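Enquirer:
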Amino acid sequence: MTRDLQHAGRTAVVTGGSGGIGWAVCQRLQQEGARVFCGDLTPSTEPLPEDVSYIELDVTQEESIQALMQTVQAQTGRLDILVNAAGIEIEKTVEETSLADWNRIFAVNVTGTFLMSKQALSLIRVGGGGSIINFGSYDGFIADPGLAAYCATKGAVHALTRAMACDHGPENIRVNAICPGYIDTPMLRSFFGSSGDIASLEEEVRRVHPLRRYGTPQDVANLVNWLTSDEARYASGQLWILDGGLTAQAQQMQL
Amino acid sequence: MTDRLVGKTAVVTGGSRGIGRAIVDRFQSEGARVLTCGRGRRPTDLNDAVAWVTVDVSVSTAVEKLADTAQKTLGKVDILVNNAGIQIEKTVTDSTDDDWSALMDTNAKGVFLCCRAFIPIMAGTGGGSIVNLGSISGYHADPSMALYNASKAFVHGLTRSIAVDHGAEGVRCNAISPGWIMTDMADAAFDLADDPQAARDAALARHPVGRFGTPDDIASAALWLASDESSFATGQVFVIDGGLIAASPLQPGLF
């Protein structure tokens, strides 16, 4: 049977596009027919597929974002999908977190999401609307130990997502956040590495998931693809937890 | 896209009309073999390729027979959608014992009975996906819908338990929590108002996307959750409501 591409003719910008999740999102949207601009501090080490362009981007710098939007405008004249996947993690408690740490993680995770969205709106309006995906985290609902500032940034992204959905829904701009649980990325491996032996931790982590595995960047890209497609045209203002059942389970009651 | 459920089999309860029918039609058009059921006779306008069983899901022997028929007709069951549900527009003090039985037997016990009957069938073939129909009323009470609201909160809770208890057997379980979807049930709710048209207008103004939902919006979400694309999603309640509950009910612009 033939299959229509879900994003044919659309333009997408993915921040953090060279990272684990961002790269999977770039590939998935490209496979569905989108022209994808992959923004990041450095290019992916993997070769770029056709219809994916790398653009150097620092989401904390408004000029950098404006330069990216100008390139998109010049090349496709429109923007249909914005995926704010750029994010960093700092593995510290509040007491260990310096003010510089705090400001840096908020600059990337929160200010970056704000600035990208702000600068993208006029281009999104060109096509009569579009879809913005922010990256929250299950850590915005329940805390992982030693990730204080990270958890706080994700809570901020969740609230910003609802606010943007309210403000821009009437313009046919949908805004949702994806809140991944444990996804196998370099960021997760770094978190494990700071907590001891990776092999034994991995087994333990699988065991606490009802599905007995942790997620892959493709799992997340699948959800980005659905939420940005026309099939999800009534979905807006929501926080989409994708975690293999982790937060459905009360962890003190493992049998 | 037309082939996302090829090779899969699905049982959808309450498929005679409304959201259930939209799910049946969508699954069928995506290549699944579908069996649906309801308390009445086979609807004359049901697609010939869809199997029909007349059954009351609140009766345990009838549900066991349904599971048996489904297994014989379809060979296996990969997908179960617990959509059958009723609503009674009353407060607690107005509700009779018979109201309780009618509503809870269908909306709560029916979901329990179907899950109990179909989980072993799914687990026996390596797993499957259960999609329950919850409601935003399971989070926020609709006035004069006391037992209905409570029954949907039950569905949300049971969804998490099934995900946690049966994830290791490969069974995923999620709920969709629709907002205002234009069906006969929604019309009945609006008709409770002194001025149903004013109630509709006021409700519409609270939807950031500027419209009410359609059964097809929910079918799209059910399709995603039934497909392998969502293989890391379990134990969650996904709200599809056009942004309604992301927004505060107290919006000065509305008064």
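These protein sequence lines are chains A and B, in that order.
Take 78 as the starting number for the first sequence in my numbering and just add one per residue.
Take 3 as the starting number for the second sequence in my numbering and just add one per residue.
We put the beta carbon where it would ideally sit given N, CA and C, even for glycine.
Values in this document were obtained by computation on a predicted structure and should not be read as measured data.
Below 8 Å on the Cβ atoms is my guess for Y291 of chain A versus G321 of chain A; work out the distance and round it to an integer in Å.
Expert: As a working note, residue 291 of chain A is residue 214 in the first sequence. As a working note, residue 321 of chain A is residue 244 in the first sequence. Correct: roughly 6 Å between the Cβ atoms.
Enquirer: Which class does D144 of chain B belong to by DSSP, given the choice of helix, strand or coil?
Expert: On the second sequence, position 142 is the one that residue 144 of chain B refers to. Of the three classes helix, strand and coil, the one that applies to D144 of chain B here is coil, per DSSP.
Enquirer: For a contact defined as C-beta to C-beta under 7 Å, what are the partners of I318 of chain A on chain B?
Expert: The sequence position of residue 318 of chain A within the first sequence is 241, counting from 1. What I318 of chain A touches in chain B: Q238.
Enquirer: What does DSSP give as the partner residue(s) for V241 of chain B in the beta ladder?
Expert: Along the second sequence, read from residue 1 onward, the residue named residue 241 of chain B stands at position 239. Answer is B:S179.
Enquirer: Measure the alpha-carbon distance for G126 of chain B versus H245 of chain A and round it to whole angstroms.
Expert: Here residue 126 of chain B refers to the residue found at position 124 when the second sequence is read from its first residue. Here residue 245 of chain A refers to the residue found at position 168 when the first sequence is read from its first residue. Rounded to the nearest angstrom, the two C-alpha atoms are 47 Å apart.
Enquirer: Less than 9 Å between the C-beta atoms of L76 of chain B and V157 of chain B, yes or no?
Expert: Sequence index remark: in the second sequence, residue 76 of chain B carries index 74 (1-based). Sequence index remark: in the second sequence, residue 157 of chain B carries index 155 (1-based). Their beta carbons are not under 9 Å apart, which means L76 of chain B does not touch V157 of chain B by this criterion.
Enquirer: What residue range is occupied by the uninterrupted alpha helix (DSSP H) comprising G292 of chain A?
Expert: Indexing the first sequence from 1 puts residue 292 of chain A at position 215. No alpha helix (DSSP H) contains G292 of chain A, which DSSP labels as neither H nor E.
Enquirer: I'd like the ranges of any alpha helix (DSSP H) spanning at least 4 consecutive residues and lying wholly in the stretch 110–178 of chain B.
Expert: Here the runs fully enclosed are 112–126, 148–168.
Enquirer: For W317 of chain A, which residues does DSSP report across the bridge?
Expert: As a first step, residue 317 of chain A must be located in the first sequence, where it is residue number 240. Bridge partners of W317 of chain A: A:I255.
Enquirer: So, helix, strand or coil for D50 of chain B, using DSSP?
Expert: Counting from 1 along the second sequence, the entry for residue 50 of chain B is found at position 48. Note: D50 of chain B maps to coil in three-state DSSP.
Enquirer: Would D167 of chain B pass as an interface residue toward chain A - the criterion being a Cβ-Cβ separation below 9 Å?
Expert: On the second sequence, position 165 is the one that residue 167 of chain B refers to. It does: the Cβ of D167 of chain B has a partner Cβ on chain A nearer than 9 Å.
Enquirer: Residues of chain A with CB closer than 7 Å to the CB of R162 of chain B, please, in chain order.
Expert: As a working mapping, residue 162 of chain B is identified with position 160 in the second sequence. Residues of chain A passing the Cβ test: A325.
Enquirer: Who are the neighbours of A170 of chain B on chain A, taking C-beta pairs under 8 Å?
Expert: By 1-based counting over the second sequence, the position of residue 170 of chain B is 168. By Cβ distance, chain A contributes P287, L288, R289.
Enquirer: Should K231 of chain A be labelled buried (16 or more other beta-carbon atoms within 10 Å of its own) or exposed?
Expert: Taking the first sequence and counting its residues from 1, the one referred to as residue 231 of chain A is at position 154. Looking at its Cβ environment, which holds 16 or more other Cβ atoms inside 10 Å, K231 of chain A is buried.
Enquirer: Runs of 4 residues minimum, wholly inside the stretch 164–239 of chain A: which ones carry the alpha helix (DSSP H) assignment?
Expert: 176–183, 189–203, all fully within the stretch 164–239 of chain A.
Enquirer: Which whole-angstrom value describes the C-beta separation of G130 of chain B and I81 of chain B, a residue pair presumed to lie in contact below a C-beta threshold of 8 Å?
Expert: For the purposes of this step, residue 130 of chain B is taken as residue 128 along the second sequence, with counting starting at 1. For the purposes of this step, residue 81 of chain B is taken as residue 79 along the second sequence, with counting starting at 1. With a Cβ gap of about 6 Å, G130 of chain B and I81 of chain B count as contacting.
Enquirer: Please classify E172 of chain A as buried or exposed, where buried requires at least 16 neighbouring CB atoms within 10 angstroms.
Expert: For the purposes of this step, residue 172 of chain A is taken as residue 95 along the first sequence, with counting starting at 1. Its Cβ having fewer than 16 others within 10 Å, E172 of chain A is exposed.
Enquirer: Taking 9 Å as the cut-off, decide whether the C-beta atoms of N249 of chain A and A309 of chain A are in contact.
Expert: Along the first sequence, one-based indexing puts residue 249 of chain A at 172. Along the first sequence, one-based indexing puts residue 309 of chain A at 232. Not closer than 9 Å, so no.
Enquirer: Beta-carbon separation of A163 of chain A and L134 of chain A under 9 Å?
Expert: Locating residue 163 of chain A in the first sequence gives position 86, counting from the first residue. Locating residue 134 of chain A in the first sequence gives position 57, counting from the first residue. Their beta carbons are under 9 Å apart, which means A163 of chain A touches L134 of chain A by this criterion.
Enquirer: Is DSSP giving T185 of chain B helix, strand or coil here?
Expert: Along the second sequence, one-based indexing puts residue 185 of chain B at 183. Of the three classes helix, strand and coil, the one that applies to T185 of chain B here is coil, per DSSP.
Enquirer: At the 9 Å Cβ level, is I88 of chain B part of the contact set with chain A, yes or no?
Expert: Against the second sequence, residue 88 of chain B aligns to sequence position 86. It does not: the Cβ of I88 of chain B has no partner Cβ on chain A nearer than 9 Å.
Enquirer: What is the DSSP secondary structure of F269 of chain A, reduced to helix, strand or coil?
Expert: On the first sequence, position 192 is the one that residue 269 of chain A refers to. DSSP places F269 of chain A in helix when its eight states are reduced to three.
Enquirer: Quick one: is E168 of chain A buried, meaning 16 or more other Cβ sit within 10 Å of its Cβ, or exposed?
Expert: For the purposes of this step, residue 168 of chain A is taken as the residue at position 91 of the first sequence. Answer is buried; the Cβ neighbour count reaches 16.
Enquirer: Taking 9 Å as the cut-off, decide whether the C-beta atoms of G136 of chain B and I183 of chain B are in contact.
Expert: Within the second sequence, the letter at position 134 stands for residue 136 of chain B. Within the second sequence, the letter at position 181 stands for residue 183 of chain B. It is not a contact, given that the beta carbons lie outside the stated cut-off.
Enquirer: So which of A:A327, A:R239, A:P287, A:A312 has the shortest CA-CA distance to G172 of chain B?
Expert: As a working note, residue 172 of chain B is residue 170 in the second sequence. When only C-alpha atoms are compared, the closest one is A:P287.
Enquirer: Whole angstroms are fine: how far does the CA of I25 of chain B sit from the CA of A34 of chain B?
Expert: Position 32 of the second sequence, counting from 1, holds the residue named residue 34 of chain B. Position 23 of the second sequence, counting from 1, holds the residue named residue 25 of chain B. A34 of chain B and I25 of chain B: Cα-Cα distance of roughly 11 Å.
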